Structure formats: C-alpha cells, structure tokens
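Undergrad: Residue numbering for the sequence shown follows this note's numbering, starting at 53 and increasing by one per position.
We put the CB at the ideal spot given by N, CA and C, even for glycine.
What you are looking at is a predicted structure, and each value in this text was computed from that prediction instead of being measured.
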Amino acid sequence: MRMNPLDRAIAFVSPRAALRRVQARAALEMTVRTYEAVSAARANGRRAPATGPNSELRGGAFLRRLSREAVRNAGPARSAVSKLVTNIVGTGIMPRAATGNEKLDKVLNDGFAQWSRECLAGTRGGNFVTLQVLAGRSMVEGGETLTRRRTRQDRDGLFVPVQAELMEPDLLDEQKTVGLDNGYIFQGVEFSGTNTPRAYWLFDAHPGDRSAMAAARRMDSKPVPASDIAHLFAMERIGQARGVPWLCAVLLAVSELGDYRLAEQTRKKLEASVAAFILPGAGDDDDNNGRPSGLTGTATEQPGAYDAHNQLLETIEPGTIATLRNGRDIRFNTPSHNQSYPDYIRAELQQIAAGALMTYELLTGDLSNTNYSSIRAGRNDFRAMIEQLQWAFFIPFQLDPLWRWYVDGMFVAGRIREKNYGVEWDTPRFISIDPYKDALADLIEMRAGLKSPIAAIGERGYHWKSVLAEFRAYFDAVDGEGLVFDSDARKVTKSGSANNLTPQQMDAAADRLLRALEADGDPDAPRLRALYQAAVNS
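What follows is the structure in structure tokens.
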C-alpha cells in the first residue's frame with residue numbers, strides 16, 4: 053500500500069496517525085472492494101464487478117464498525133445521522149385505526165394510547181416514539197434494525213401482553229450462510245424456496261458485549277420465526293437481504309477530512325510553539341568553538357539551536373525561544389496563514405453532505421450563503437426524499453408489523469372480538485421556513501379546488517378527524533360561555549367586523565343566551581323567552 057502525499061505530510065508530524073491511515077485503508081480495500089468508501093485504487097482505474105445484490109454485502113460488520121466509529125468521533129458523521137433520524141421520525145409516526153368500524157376504531161385507538169407507553173422491552177422507560185428513534189438511528193448508523201416480538205404473561209401487568217425488543221444487526225449470525233433443501237440461509241437470514249424470509253438466526257447476546265452477563269450466555273445462534281421479526285433497512289437493490297450503513301459513501305471522506313484538520317492544527321501548533329529565534333548579529337564571529345557566544349555549559353562542535361542552558365533543542369514546546377549559533381539578533385516567529393483552508397473544508401463538507409443525502413446547510417447549520425429561495429429548493433428535495441423513505445421502508449418494514457403485533461395482542465387479551473389490521477399513519481409535519489407564505493399558498497390552492505382541507509391538514513402532521521373534533525369541542529365551550537374571538541371565522545370576518553350569521557346560528561345564539569338568563573334566575577327571562585318564541589313563530 054503506497055502512501056499518498058497527505059500520508060507523507062501526516063507522517064512527518066505524526067507517524068502513528070499516518071500508520072493508522074495506511075492500515076485502515078488497506079483493510080478497507082481487502083474487506084469491501086465494491087464500496088467507494090473502502091476502495092483506495094481510484095488512481096489505478098475503476099473497478100466495476102458484476103456482483104449480485106448480496107455479494108456486495110460481505111464485510112458488512114466492518115462497515116458498521118467504521119460507521120459507528122465515525123459517528124462517535126467525527127462531527128459531520130454525527131450530525132448527518134442525527135439530522136436524518138430527526139427528519140424521518142420527528143415526534144413520531146403515529147397510527148390511527150381504519151377498520152371501517154367506528155366502535156372498533158375507538159377501542160383500538162384508545163388501547164394504543166396506553167400500549168404505546170409500555171411497548172418497548174428491555175429499557176428503563178421509553179415509549180412508541182423512543183422505539184422509532186432508536187430503530188431509525190440503528191438503520192442509518194448501522195444499516196439495519198431488528199425488532200423482535202416478545203409475548204408476555206398476565207403476571208407482567210401489561211395492558212397488552214406483547215412488547216417489542218430492539219436489537220442491533222450484530223445479533224444476526226453472519227457466519228451462517230448455507231444452502232438448504234427448500235431454501236437457503238444468507239448471513240443469518242433464512243429464506244424459503246420463494247425467497248421469502250422464513251427465520252432469523254440470532255445470538256442470545258451482542259457479540260461485542262464483554263460483560264459478565266453476556267459471557268455467561270451461549271453464543272450459539274437460534275432460529276426465530278420471521279413473523280416475530282421486523283427487519284428494517286433501506287433496500288437499494290432488488291433481492292437485497294441486508295442493509296448497509298447510510299454513510300458508507302462518505303466514510304473515507306470523513307476520515308480524510310479529520311486527518312487534514314489534524315495535520316493543519318499540528319502545523320499551526322508547531323509554528324506557534326517557537327516564539328522567537330536568536331540569530332547571529334552583524335560582525336559576530338565564532339569564538340567559542342561552535343558554541344553560542346555568552347552561554348555556559350559543555351561546548352559542542354555541531355551547529356544547531358540551543359535553549360538558555362546551552363542544551364541542544366530536540367523537542368519544541370509552547371513559548372520556545374531558540375538560540376542559533378552565535379545568536380545576537382532576535383527575530384519573532386510569525387505563523388503562516390493557510391488562505392485555502394476555509395474553502396477546502398467547505399468543499400469537503402459539501403461532498404459529505406451530498407453522500408449523506410442532505411444539503412450542506414442542514415449538515416453544518418451554516419446559512420451564511422443562502423437565501424429563502426435556495427434553502428426552500430433544497431428543503432423541498434430533502435423533504436421528498438424523507439417522505440419516500442418513510443412510506444417505502446420505515447412504515448411497511450417497521451411500523452406495520454408493530455401494529456399487527458398490537459392488534460394480535462388486543463385480540464389475545466380479549467379486548468377486541470375480531471382481528472382487523474386496518475390502519476392509517478400520520479407522519480410528523482415538516483417545519484415551514486416561512487409559515488405565512490405556505491399557509492397562503494395552501495389557502496389559494498384550496499379555494500381554487502387544487503387541494504382539499506384534508507390534504508392540507510395531513511401535510512402538517514395532523515389527522516383531519518382529530519382537528520375537526522378539537523374544533524367542535526372548542527367552539528362548543530366558547531359558545532357555551534357566550535364568548536366571541538377574532539379567530540372565530542363563524543362570527544368575525546378577516547377585517548374584524550361581525551360576520552353575517554345564518555338563521556340557524558342566530559337561533560342557536562339566542563337560545564343559549566335565554567338559557568343562561570333562565571339559569572341565573574333573571575326575572576325577565578320568561579318574558580324574553582315568550583317574545584323570542586313569538587318572533588320565531590311569526
């Protein structure tokens with residue numbers, strides 16, 4: 053493995069760091085040659101092997117380790133994973149029963165509100181949103197997530213006797229790849245003859261967990277029925293059986309950017325460490341056997357830089373003043389300035405952001421070179437990608453199985469009499485860059501017949517039936533108190549003037565007023581009631 057110019061520059065200031073770079077690149081090239089992040093032979097030509105979708109998955113465990121190490125230690129990688137998970141999950145993708153039976157829908161929705169607080173197994177708390185965040189993070193950082201159904205007993209005291217246990221993909225027995233009479237096993241995933249997952253071969257404990265509890269367990273994998281496993285990953289090729297970390301395309305770029313920053317910081321520290329040089333002055337001569345004039349100590353025959361005690365300098369520390377041979381003139385050090393450093397960092401971060409499926413501004417938070425139009429265009433593309441990921445993978449691979457497990461649990465517990473898995477999912481809303489302009493655009497589209505209020509409400513992460521029920525409850529309470537607010541479009545126009553009420557609304561308002569007077573025992577209430585009734589009859 054040859055060292056490139058950057059390796060040699062790093063080796064000059066930190067041989068150990070350069071060695072780690074060369075070793076890591078060699079291991080990457082040997083382990084997973086099909087990903088650009090683990091290939092160091094770009095200069096020698098492109099490799100384009102005709103591999104199948106699963107042949108490219110060899111070395112997946114090594115890719116996961118690299119991805120996790122980058123997230124732990126590299127700011128751009130950590131930011132990318134956090135931003136992706138935040139936008140995919142947000143405050144949670146929430147279900148709403150859609151069985152066609154209102155009574156059954158209400159039972160399922162009310163039950164889920166309680167089950168969502170106790171659905172997560174093996175943690176100290178957490179809820180349905182916590183489950184989604186952890187599952188999404190494992191998918192982005194490690195490439196995939198395994199969720200196992202765990203049935204519980206009545207003594208566990210759960211509202212629904214089922215929980216979901218999250219597992220990292222490392223618990224799959226990746227060494228188990230073998231052909232069967234009626235199917236095959238690939239990296240711990242057993243398939244039937246029709247290429248349908250049939251079982252997952254799982255360890256009892258994480259292979260990387262060195263705790264005493266884990267060591268006491270046997271590290272032999274056992275099959276778990278596929279019906280008890282939700283396998284979440286972003287499928288990139290048809291027939292792909294396992295997932296890969298989402299940062300695999302930029303792992304090398306993240307590593308090299310970190311090395312470059314380290315080299316630049318080391319160079320600046322070295323330059324700043326030497327405060328000044330004492331140089332030979334005009335007319336000075338060598339009258340002390342090659343030793344700096346005016347200093348005491350053992351004489352040396354070799355030229356060099358010395359400290360105040362006439363000791364040859366072999367290391368440099370902050371504030372060093374080096375005396376050169378026969379020094380008489382002092383020159384203060386002026387560290388150089390790398391003018392291309394900011395532009396290079398920005399260019400590299402832009403490439404990392406592109407490989408991490410997001411915009412540079414979202415990755416870094418740097419909005420210095422953006423305007424409303426540019427950031428809106430970038431956000432629109434990112435929003436479309438997130439919605440695709442939600443509906444193509446996260447909901448069908450992760451959330452739909454969880455809903456089926458919940459309905460099965462409700463049936464086993466005797467809380468429902470029939471199994472009906474009908475469900476609608478409400479995704480979290482995207483935060484608007486300019487809420488006024490977005491709301492105005494929605495209003496124009498609705499008035500033009502291009503969008504329904506149901507669609508507009510759904511785009512904001514709400515369900516129209518819930519919004520309608522909230523409005524009904526609110527207006528009933530407001531009308532019951534006889535109050536009128538400017539926000540009530542039934543009674544107040546946009547300009548603030550009174551709205552024209554329909555006869556039904558006027559009758560209802562008058563009736564509420566008379567009821568209030570009668571409840572207070574007003575002596576004029578009977579007379580007013582009679583006058584009102586006469587007016588209505590006429």
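Tell me which residues share the same chain as F180 and place their Cβ nearer than 7 Å to its Cβ, disregarding the 5 neighbours each side in the sequence.
TA: Closer than 7 Å at the Cβ level, and outside the excluded window around F180, lie G144, S168 and C171.
Undergrad: On the CB-based measure, 16 or more other CB atoms within 10 Å of its CB, does W443 come out buried or exposed?
TA: W443 comes out exposed.
Undergrad: Sorted by chain position, which residues of the same chain lie with C-beta nearer than 7 Å to E193's C-beta, five sequence neighbours on each side aside?
TA: Answer for E193: S119, R120, V123, V133 and P297, listed in chain order.
Undergrad: In terms of residue numbering, what span does the beta strand (DSSP E) encompassing L492 cover?
TA: That residue, L492, is in no beta strand (DSSP E); its alpha helix (DSSP H) goes P487 to R499.
Undergrad: CB-CB under 6 Å to V536, same chain, minus the five flanking residues each way: which ones, in chain order?
TA: If we look at V536 and ignore the five residues flanking it on each side, its Cβ neighbours are K543.
Undergrad: So, at 7 Å on beta carbons, what are the nonlocal neighbours of E316 in its own chain, with the 5 sequence-adjacent residues on each side left out?
TA: Once the five neighbours on either side are set aside, the close Cβ partners of E316 are N390 and Y393.
Undergrad: Give me the Cα-Cα distance between F445 and L566, rounded to the nearest whole angstrom.
TA: Approximately 58 Å between the Cα atoms of the pair.
Undergrad: Assuming the contact rule is C-beta atoms closer than 8 Å, E242 and G231 should be a hit. Round their C-beta distance to whole Å, please.
TA: With 8 Å as the limit, E242 and G231 do not qualify as a contact, their Cβ atoms being about 11 Å apart.
Undergrad: What are the start and end residues of each continuous beta strand (DSSP E) run of 3 or more residues lying completely inside the stretch 142-227, in chain order?
TA: The stretch 142-227 contains these whole beta strand (DSSP E) runs: 146-149, 197-203 and 214-219.
Undergrad: Closest to R200 by C-alpha separation, out of T246, K155 and L254, would be which residue?
TA: Minimum Cα distance to R200 is reached at L254.
Undergrad: Between which residues of its own chain and A529 is the CB-CB distance below 8 Å, once the five residues before and five after are set aside?
TA: Hits under 8 Å: none found.
Undergrad: How far does the alpha helix (DSSP H) with W455 in it reach, from first residue to last?
TA: Note, W455: alpha helix (DSSP H), D452 to V464.
Undergrad: Verify whether the separation of the beta carbon atoms of A129 and V306 is less than 8 Å.
TA: Going by C-beta atoms, A129 is nearer than 8 Å to V306.
Undergrad: Using 8 Å as the cut-off, can you tell me whether the stretch 182-191 makes contact with the stretch 202-210, which would need three or more C-beta pairs spanning the two stretches below that distance?
TA: Flag = no, the stretch 182-191 and the stretch 202-210 do not touch.
Undergrad: Could you please give me the residues that DSSP links to I281 through a beta bridge?
TA: Beta-bridge pairing links I281 to R200.
Undergrad: Do you know offhand how far R456's Cα is from N423's?
TA: Roughly 45 Å separates the two Cα atoms.
Undergrad: Beta carbon of S589, beta carbon of L156: below 8 Å?
TA: It should be pointed out that residue 589 corresponds to Asn in this sequence rather than to Ser. Against a cut-off of 8 Å, the Cβ pair of L156 and N589 comes out as no contact.
Undergrad: Tell me which residues share the same chain as R250 and place their Cβ nearer than 7 Å to its Cβ, disregarding the 5 neighbours each side in the sequence.
TA: Cβ within range, chain order: G235, E242, F243, S244 and A278.
Undergrad: Compute the beta-carbon to beta-carbon distance between T151 and G474, rounded to the nearest angstrom, for a pair I have assumed lies under 8 Å.
TA: That pair is a contact at about 4 Å.
Undergrad: Assign R289 to one of two classes, buried (16 or more other C-beta atoms within 10 Å of its C-beta) or exposed (fewer than that).
TA: The residue is exposed, with fewer than 16 neighbouring Cβ atoms inside 10 Å.
Undergrad: So F285 and E226 are in contact, right, with Cβ under 8 Å, and what is the actual spacing, rounded?
TA: F285 to E226, Cβ: 14 Å. No contact.
Undergrad: Anyone know if the C-beta pair for V464 and P213 falls short of 8 Å?
TA: Yes, they are a contact pair.
Undergrad: Leaving out five residues before and five after R117 in sequence, what residues of the same chain have Cβ atoms less than 7 Å from its Cβ?
TA: Correct list: empty, nothing qualifies.
Undergrad: Do I281 and Y252 come within 8 Å of each other at the CB atom, strictly closer than that value?
TA: Cβ atoms of Y252 and I281: closer than 8 Å.
Undergrad: Count the other C-beta atoms from every protein chain shown that fall within 10 angstroms of the C-beta of F434, then say buried if there are 16 or more, exposed otherwise.
TA: Buried: at least 16 other Cβ atoms inside 10 Å.
Undergrad: Can you tell me the Cβ-Cβ gap for F211 and Y458, rounded? I've got them flagged as a contact below 8 Å.
TA: So it is not a contact: roughly 10 Å between Cβ atoms.
Undergrad: Just to check my reading of the structure: H258 and E220 have Cβ atoms closer than 8 Å, yes? What is that Cβ distance to the nearest angstrom?
TA: Yes, they are in contact, since the Cβ atoms of H258 and E220 sit about 7 Å apart, within 8 Å.
Undergrad: Grouping DSSP H, G and I as helix and E and B as strand, with all else coil, what is D336?
TA: In this predicted model, D336 has a pLDDT of only 49, less than 50, meaning its place in the structure is not dependable; the value taken from the coordinates is given anyway. Three-state DSSP puts D336 in coil, outside helix and strand.
Undergrad: Got a sec, what are the start and stop residues for the alpha helix (DSSP H) E400 sits in?
TA: Counting along the chain, the alpha helix (DSSP H) containing E400 begins and ends at Y393 to G407.
Undergrad: Which term fits S131, buried or exposed, when burial requires 16 or more other beta carbons within 10 angstroms of its beta carbon?
TA: By the neighbour-count rule (16 or more Cβ atoms within 10 Å), S131 is buried.
Undergrad: Out of R564, I447, N161 and F238, point me to the one whose CA is closest to E533's CA.
TA: Of the listed residues, the one whose Cα sits closest to E533 is R564.
Undergrad: Rounded to the nearest angstrom, what separates E439 and E511 at their Cα positions?
TA: Taking the straight line joining both Cα atoms gives about 11 Å.
Undergrad: State the start and end residues of the unbroken alpha helix (DSSP H) segment that holds G240.
TA: Element bounds for G240: n/a, residue is neither H nor E.
Undergrad: Tell me the DSSP secondary structure of V475 in three-state form.
TA: It is a strand residue.
Undergrad: Measure the C-alpha to C-alpha separation of V302 and A126 and round it to an integer number of angstroms.
TA: Each residue's Cα considered, the two are about 12 Å apart.
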